[in-house]
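Colleague: Below is one structure. I have some questions about it.
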Amino acid sequence: MDTLAAPAFHGRGYVQNGMQQAAEWIAANMQQQGLLVQRQTVEYPVNVFPSPSLLQVNGQTLQEGIDYLIGPESGGFDGTVSRLLQVDSVTWVSPDQKLIVQLADKLTWSVATRQQNHCRVIVRRAAIKSVPKKIKLQVTPFFQPSFKADNVIATVPGTLRNDSTIVFTAHYDHLGQMGNALFAGANDNASGSALLMQLACRIQAQPLPYKAVFIWFAGEEAGLVGSSWYVDKPAFPLSNIRFLLNLDLMGNGEEGITVVNATEFPNAFALLQKLNAEKLYLSAINSRGKAQNSDHYWFTEKGVPSFFWYTLGKRKAYHDVEDIAATVPLVEANDLIRLILDFSQQLILQPR
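Quick note on numbering: full-length UniProt numbering labels position 220 of the sequence shown as 220, and the sequence is numbered without any gaps.
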């Protein structure tokens with residue numbers, strides 16, 4: 001996790017080839033461990049911010065990522081605005097509507113697959129001392145209509161049969177950089193990617209009866225792009241998938257996990273709860289229904305039995321510059337792997 005979340009990978013996003021470097025590193029590591037590795041290239045549009053921006057509010061210079069964010073869909077802007085119209089208690093716009101300024105208690109960034117003809121700035125409320133009256137802004141985004149990234153797929157053959165498969169997935173991409181602001185994405189989702197790598201090594205050393213496939217998806221933060229691409233062009237028939245387990249936000253765990261799709265597949269969830277009750281791996285396993293919030297979703301829509309696990313804990317950094325490796329506890333990583341292995345072994349014995 002530390003390596004994937006390091007500055008050298010530039011937030012595994014859209015500047016300095018960060019996402020491509022991460023894919024290369026994951027693929028090389030899995031090949032060194034003896035897994036069969038292939039890659040699948042996906043393409044999608046994305047709006048990126050490779051150059052540092054400048055924001056001054058009432059003469060006060062603010063810091064990228066800490067005091068403000070540029071809306072991910074924003075177009076470019078270079079100028080000073082001294083007349084702003086207040087739309088509501090937290091939003092101001094320039095008279096020509098080319099600049100929108102919003103106040104927020106917490107800064108949360110994302111990725112946009114389009115570029116608008118206006119610029120939106122989100123300012124942390126605590127960073128400014130008075131109502132914004134004069135704004136100086138310089139921002140130069142770059143719209144890339146066909147960004148290319150790779151899904152990384154690794155396979156461990158089964159000991160008894162290979163016509164049925166258990167699939168384990170995690171997205172390895174994150175937000176990248178906004179100028180000099182680095183979004184390292186340690187919990188989201190270097191944690192899940194690293195856990196998936198450890199799981200692959202464990203299963204390579206002691207294979208399951210069924211074939212095991214591990215997929216690190218690109219483009220999750222841009223709208224579940226990598227997984228959407230994959231289900232339309234699968235490496236093997238989706239009908240062969242016995243079960244899929246998607247791992248995202250795996251860096252906490254002191255308060256247990258939540259299982260998305262638990263209500264969709266109650267027998268599998270009951271098995272999971274039974275195993276945890278017997279061996280006391282986690283403090284809690286919570287049930288949640290269907291949700292379009294990670295890469296399991298497109299598989300579920302295609303009729304593939306799927307769970308998405310995410311961990312719970314006190315640490316709340318998310319899509320911000322504070323999601324760094326040094327603050328991710330990983331307190332339940334070993335128990336999570338043990339539970340996944342137990343679940344996978346027992347699931348094979350269950351009727352479909």
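Note that beta-carbon positions come from the ideal geometry of N, C-alpha and C, so glycine has one too. Everything numeric in this text was worked out from a predicted model, so none of it was measured.
1. Please work out which residues of its chain come closer than 8 Å, Cβ to Cβ, to P141, disregarding the five sequence neighbours upstream and downstream, and give them in chain order.
2. Between A186 and V15, is the Cβ-Cβ spacing less than 8 Å?
3. Q20 to G34, Cα distance in whole Å?
4. Alpha carbon to alpha carbon, how far is A23 from M30? Give it in angstroms, no decimals.
5. Can you list, in chain order, the residues of its chain whose CB lies under 8 Å from that of D335, leaving out five sequence neighbours each side?
6. I'd like to know if the stretch 244-259 and the stretch 303-316 are in contact, where contact means that at least 3 CB-CB pairs between them fall below 8 Å.
7. Work out the CA separation of W25 and N17 for me, nearest whole Å.
8. Going by the beta-carbon positions, is the gap between A218 and S193 smaller than 8 Å?
9. Are the beta-carbon atoms belonging to L160 and P209 less than 8 Å from one another?
10. Compare the C-alpha of S344 against each of K233, G176 and F269 and name the closest.
11. For the beta strand (DSSP E) that contains H171, what are its first and last residues?
12. Which of the three DSSP states, helix, strand or coil, is assigned to L272?
13. Given that a residue counts as buried once 16 or more other Cβ atoms are within 10 Å of its Cβ, and exposed if not, what is S227?
14. May I ask you to verify whether the stretch 292-303 touches the stretch 234-247, counting CB pairs closer than 8 Å and requiring at least 3?
15. Who does T40 pair with in a DSSP beta bridge?
16. Below 8 Å, how does it come out for the stretch 87-94 and the stretch 150-158: are there three or more Cβ pairs, yes or no?
17. Can you tell me where the alpha helix (DSSP H) with V225 in it begins and where it stops?
18. Return the first residue and the last residue of the alpha helix (DSSP H) that F343 is part of.
19. Where does A212 sit, in a helix, a strand or coil, going by DSSP?
20. Starting from S287, follow its DSSP beta bridges and name the residues at the other end.
21. Give every residue of the same chain whose Cβ lies closer than 6 Å to the Cβ of V123, excluding the five residues on either side of it in the sequence, and list them in chain order.
22. How would you write the range of the alpha helix (DSSP H) that Q115 sits in, first residue to last?
23. So is T300 buried or exposed if we call it buried at 16+ other beta carbons inside 10 Å?
24. Please report the Cβ distance between F265 and P237, rounded to the nearest whole angstrom; I am assuming they are in contact, meaning their Cβ atoms lie under 8 Å.
25. May I ask which residues mark the beginning and end of the alpha helix (DSSP H) holding M178?
26. I need the DSSP call for Q33, collapsed to helix, strand or coil.
27. Any idea what DSSP makes of D78, helix, strand or coil?
28. Would you decide whether T61 is buried or exposed? Buried here means 16 or more other CB atoms lie within 10 Å of its CB.
29. In the DSSP output, which residue or residues are listed as bridge partners for I241?
30. Roughly how many angstroms separate the alpha carbons of N276 and W216, rounded to a whole number?
Modeller: Looking at the atomic coordinates:
1. N47, V48, F49, I70, S74, G75, G76 and Q115
2. By the CB criterion at 8 Å, A186 and V15 fall outside the cutoff.
3. If you take the alpha carbons of Q20 and G34, they lie about 21 Å apart.
4. 11 Å
5. Excluding residues within five positions, the ones whose Cβ falls inside 8 Å are G253, Y281 and L282.
6. yes
7. 12 Å
8. no
9. yes
10. F269
11. Its beta strand (DSSP E) spans residues R161 to H171.
12. helix
13. With 16 or more neighbouring CB atoms inside 10 Å of its own CB, S227 falls in the buried class.
14. yes
15. Checking the sequence shown, residue 40 turns out to be Gln, not Thr. The partner list for Q40 (beta bridge, DSSP) reads N151.
16. no
17. V225 to D232
18. A333 to L349
19. strand
20. V259
21. Y68 and L103
22. Taken as a continuous stretch (DSSP letters only), Q115 belongs to no alpha helix (DSSP H), as it is neither H nor E.
23. With 16 or more other CB atoms across the displayed protein chains lying within 10 angstroms of its CB, T300 is buried.
24. So it is not a contact: roughly 20 Å between Cβ atoms.
25. Looking at the DSSP string, M178 is not in any alpha helix (DSSP H); the run it does join, the beta strand (DSSP E), is G176 to M178.
26. coil
27. In the structure shown, D78 sits in a strand (DSSP, three-state: E or B).
28. exposed
29. Bridge pairing for I241: T165 [DSSP].
30. Cα to Cα, N276 sits roughly 26 Å from W216.
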